[in-house]
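Trainee: Numbering (my numbering), first residue to last: 14 to 139.
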């Protein structure tokens, strides 16, 4: 197999990614193995990385579909202006093109500068 996993491990990975929440005993029953095997597979780093890799691939596919829906909202004639604005805002934020505005107020007073200068003069003996 390309992934280097056994048939049991492959089946386990597929079950982990099918979106159904199961108990360890349910996994063991479906796969025809002992529940201790399920515990060991859950602790296996190689299996965890493979599950994560496949989940990322699935997410990327879903993300592509989500962008398609946003584009439909933006460019189809059936959407209201409010829907288009919200879709545009979301699309630009996901692309890193729109950031939340942040204001920073800094106040410097002349009194503070004059006090510091006087203290410096006093220390230098002027």
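Cβ coordinates follow ideal geometry from the N, Cα and C atoms, glycine included.
Classify residue 118 as helix, strand or coil using the three-state DSSP reduction.
Mentor: coil
Trainee: Say the cut is 8 Å; is the CB of residue 46 nearer than that to a heavy atom of the ligand FMN?
Mentor: Within the structure as shown, the ligand FMN is missing, as the structure has no ligands at all.
Trainee: Would you mind working out which of 51, 16, 64 and 42 sits nearest residue 31, comparing C-alpha positions?
Mentor: 64
Trainee: Expressed to the nearest angstrom, what Euclidean distance is found between the alpha-carbon atoms of residue 47 and residue 77?
Mentor: Spanning the two alpha carbons is a distance of roughly 39 Å.
Trainee: What's the gap between the Cα of residue 102 and the Cα of residue 93?
Mentor: 14 Å
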